[in-house]
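Chemist:
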Amino acid sequence: MKSKKSILVVDDDRDFLEVIKRILESKGYEVMTAPSAETAVSGARERFYNVAILDISLPDADGTELLSLLLDVHPDIIAIMLTGYSSVQNAMQSLNRGAFAYLEKPLDPEHLLSVIEQGLEKQLLLFENRQLMGELEERNRETTILLKVSRAASQSLELQQIIDSAIKEVTRSMDIDAGYVCLVENSHLVLGGYYGLPEQIIGGIGQESNDSIIGRVFQRVEPFVVGDLSSHDEPGTAALARAGFRSYAVVPLMILGECIGIMGVTTVSQRDFTSMEIDLLIAIGREIAISVQNARLYEEESSSRALRELDTMRTEFLANVSHELRTPLAVIKGSANSLLQPDVNFDEPTWREFLQSIDKDADRLNRLVDDLLMMSRLESGALEVRKQKRNLADVVASVRDRLNSLAARHRLEIDIPGNVSPVTVDEGQIGEVLTNLVENAVKYSGENNRIIIKACPNHDHVVVSVTDEGTGIPPELHHKVFDRFFQVANRSGKGNRMGTGLGLAICRGIIEAHGGKIWVESEMDKGATFSFSLPTN
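If you read the sequence shown in the numbering used here, its first letter stands for residue 139, the second for the next number, and so on.
Spelled out as structure tokens, the structure:
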């Protein structure tokens, strides 16, 4: 149930207060009345009021002075000034000090209620915008931390440097006092690197038994969190407690479904690690595991050229992600700052235009974060596929609005015959594949060109294709377009297109997880067709 909106009415006319209170309460508002500025300020300090209706002339203060006092206590309050006589000077002074509206007595109740509703709508938009900005800042902070750790871990192929750089970046970025990594060697966990730990406890790390915290994390492949180390008496945690640490978290390092070690972090002050922080630590662990595995492959004399190419693509990927983050954040920040200007009252179409810009670019940021997390799950073998028997037409219908939005400047055609057999799929993930393929087609074909989604039966499979009318892909690149971080240059004739280079790699991972295959057919200047198969049994 929604809480009632609260209104503070300040006027020295007690008959007026009684009448206005009855009117507002009959409309479902919670009303407090005050005959003086002193009473009003005292009440406002005890609780928040959504709206304040203030008489311009009070026995103990000027109404505009009271307005300033209330806004100091609650900057988000919607203030409506009342006067028994019209004064342009008073009106301008009130509005300049932050009042939402200036009304004359005798009041028209319907007009007053309309002004209150408008003010509450503006207040709600500001609250929603502030919450959205908070969520975006948190998502951006997490993504930035993940990118920083990934960059630190990928700057070298020397194992010790990878671990030391990554752990140092984790502690610095997440405000953690110390951390360490243990890696599996000859079926045992061995300390690989640490940061911020005193020398006297280093020797004990990695020597715990299978029943210890790090042993259980490694065996069960599940994170473990200790909010207060003083309540634990295991040798490893007791040593940390004696060294002055208070809270502790351990996560597995996963790659391709295999746990290759653990990462532990600890803080001097008590800290309740949130589920979002643990998820971030797990994602960081995957990045460290990838870099560790790359270093081991290098040490085992794997192709140094292939590793250099991967490092180059990863560097370009990080640069592209940084660009993809900054552009929508600039729009969001600019729109939000405009809405939060205390001295400007925008009309409703302008508010909504700002919020639509924020919403659109928030979706763009959210999609970028989702792509990063999806790629992390695919690389670690942690993708969960929840299959159900579904008609392909229903799968396409579930993302139809998203596809129409992506192809708003193109001609999107969908051809799914009635004789196409149902497929056993995770509807959300196949919807993601279709979205990525249509987005790719939009990116590399001109406006008003056709984009065709087509399905046809093929023995015990259904083949789905997305065809565009772009300039095509050179034959020598067909086998590389599904590699992570890879992007086709000059396909649009306008140079490189910014992006993360993850979309097609995610498509391949999802389709292969469903037991299908994905491929591309293209001729230069004749567009491209991306196809994937899904089993019908």
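C-beta atoms are modelled at their ideal positions from N, C-alpha and C, and glycine is treated no differently.
No experiment lies behind these values; they were computed from the predicted model shown.
What residue does the beta strand (DSSP E) around residue 207 start on, and which one ends it?
Modeler: It is not in any beta strand (DSSP E) - residue 207 instead sits in the alpha helix (DSSP H) that spans 201 to 211.
Chemist: Runs of 4 residues minimum, wholly inside the segment 462 to 538: which ones carry the alpha helix (DSSP H) assignment?
Modeler: The qualifying runs are 486 to 518, 530 to 536.
Chemist: Quick one: grab the DSSP three-state call for residue 164.
Modeler: Helix, per DSSP.
Chemist: Considering only residues of the same chain and omitting the five flanking positions on each side of residue 411, which have a CB-CB separation below 6 angstroms?
Modeler: So the qualifying residues of the chain are 363, 387.
Chemist: Assuming residue 533 and residue 589 form a contact by the criterion Cβ under 8 angstroms, report the distance between their Cβ atoms to the nearest whole angstrom.
Modeler: The pair is not a contact, with the Cβ atoms about 17 angstroms apart (cut-off 8 angstroms).
Chemist: Identify whether residue 642 lies in helix, strand or coil by the three-state DSSP scheme.
Modeler: Residue state, collapsed to three classes: helix.
Chemist: Do residue 305 and residue 318 have their CB atoms nearer than 9 angstroms?
Modeler: Yes, the pair counts as a contact, with Cβ atoms nearer than the cut-off.
Chemist: Between which residues of its own chain and residue 421 is the CB-CB distance below 7 angstroms, once the five residues before and five after are set aside?
Modeler: Same-chain partners within the cutoff: 284, 511, 514.
Chemist: Would residue 606 pass as a contact of residue 626 if the rule is Cβ separation under 9 angstroms?
Modeler: Not closer than 9 angstroms, so no.
Chemist: When DSSP builds the beta bridges, which residues end up paired with residue 400?
Modeler: The partner list for residue 400 (beta bridge, DSSP) reads 320, 390.
Chemist: In this structure, how does DSSP classify residue 236 when only helix, strand and coil are distinguished?
Modeler: Three-state result, residue 236: coil.
Chemist: Considering residue 219, what are the terminal residues of the beta strand (DSSP E) in which it resides?
Modeler: Per DSSP, residue 219 belongs to the beta strand (DSSP E) from 216 to 221.
Chemist: Out of 307, 545, 477, 416, point me to the one whose CA is closest to residue 282's CA.
Modeler: Closest option to residue 282, Cα to Cα, is 307.
Chemist: Beta-carbon within less than 6 angstroms of residue 404's beta-carbon, same chain only, minus the 5 sequence neighbours each way: which residues are those?
Modeler: Correct list, in chain order: 316, 378, 383, 386.
Chemist: Using 10 angstroms around the beta-carbon of residue 609, count the other beta-carbons present and answer buried if the total reaches 16, otherwise exposed.
Modeler: It counts as buried.
Chemist: For residue 585, which residues in the same chain have their Cβ closer than 8 angstroms to its Cβ, ignoring the five residues on either side in sequence?
Modeler: Closer than 8 angstroms at the Cβ level, and outside the excluded window around residue 585, lie 547, 548.
Chemist: Give me the DSSP bridge partner(s) of residue 385.
Modeler: In DSSP, residue 385 forms a bridge with 405.
Chemist: Could you tell me how far apart the beta carbons of residue 186 and residue 212 are, in whole angstroms, since I believe they sit closer than 8 angstroms?
Modeler: About 6 angstroms separates the two Cβ atoms, so the contact holds.
Chemist: With a Cβ-Cβ cutoff of 9 angstroms, do residue 509 and residue 640 count as a contact?
Modeler: Closer than 9 angstroms, so yes.
Chemist: At what residues does the beta strand (DSSP E) containing residue 146 begin and finish?
Modeler: Its beta strand (DSSP E) spans residues 144 to 148.
Chemist: Quick check: the segment 168 to 180 against the segment 240 to 247, are at least 3 beta-carbon pairs closer than 8 angstroms?
Modeler: No, they do not touch.
Chemist: Helix, strand or coil: which one does DSSP assign to residue 609?
Modeler: DSSP places residue 609 in coil when its eight states are reduced to three.
Chemist: Please report the residue range of the alpha helix (DSSP H) in which residue 589 lies.
Modeler: Segment 588 to 596 is the beta strand (DSSP E) holding residue 589; no alpha helix (DSSP H) there.
Chemist: Can you tell which of 339, 381, 350, 389 has the C-alpha that lies nearest to the C-alpha of residue 360?
Modeler: For residue 360, the nearest C-alpha among the options comes from 389.
Chemist: Would you call the segment 466 to 476 in contact with the segment 266 to 276, where contact means no fewer than 3 C-beta pairs closer than 8 angstroms?
Modeler: They touch, by the three-pair rule.
Chemist: Would you check if the distance between the CB atom of residue 195 and the CB atom of residue 236 is smaller than 9 angstroms?
Modeler: Not a contact, by the Cβ cut-off of 9 angstroms.
Chemist: If you check the beta carbons only, do residue 151 and residue 198 fall under 9 angstroms apart?
Modeler: For residue 151 and residue 198, no; Cβs fall outside 9 angstroms.
Chemist: Would you mind sorting residue 556 into buried or exposed? The rule is 16 or more other CB atoms within 10 Å of its CB.
Modeler: Residue 556 comes out exposed.
Chemist: For a minimum of 3 consecutive residues, which ranges assigned as the beta strand (DSSP E) are wholly contained in the segment 542 to 596?
Modeler: 549 to 553, 561 to 563, 588 to 596, all fully within the segment 542 to 596.
Chemist: Should residue 255 go down as buried or exposed, given a rule of 16 or more other Cβ atoms within 10 Å for buried?
Modeler: Burial call: exposed.
Chemist: Shortest alpha-carbon distance to residue 366 belongs to which of 328, 342, 407, 343?
Modeler: Residue 407 is the option with its Cα nearest to residue 366.
Chemist: I need the boundaries of the alpha helix (DSSP H) containing residue 302, first residue and last residue.
Modeler: Here the alpha helix (DSSP H) through residue 302 covers 297 to 311.
Chemist: Which value, in whole angstroms, describes the spacing of the CA atoms of residue 480 and residue 233?
Modeler: Their Cα atoms are separated by approximately 10 angstroms.
Chemist: Report yes if the C-beta distance between residue 571 and residue 669 is below 9 angstroms; otherwise report no.
Modeler: Not in contact: residue 571 and residue 669 (Cβ atoms no closer than 9 angstroms).
Chemist: Return helix, strand or coil for residue 661, following the three-state DSSP convention.
Modeler: Residue state, collapsed to three classes: coil.
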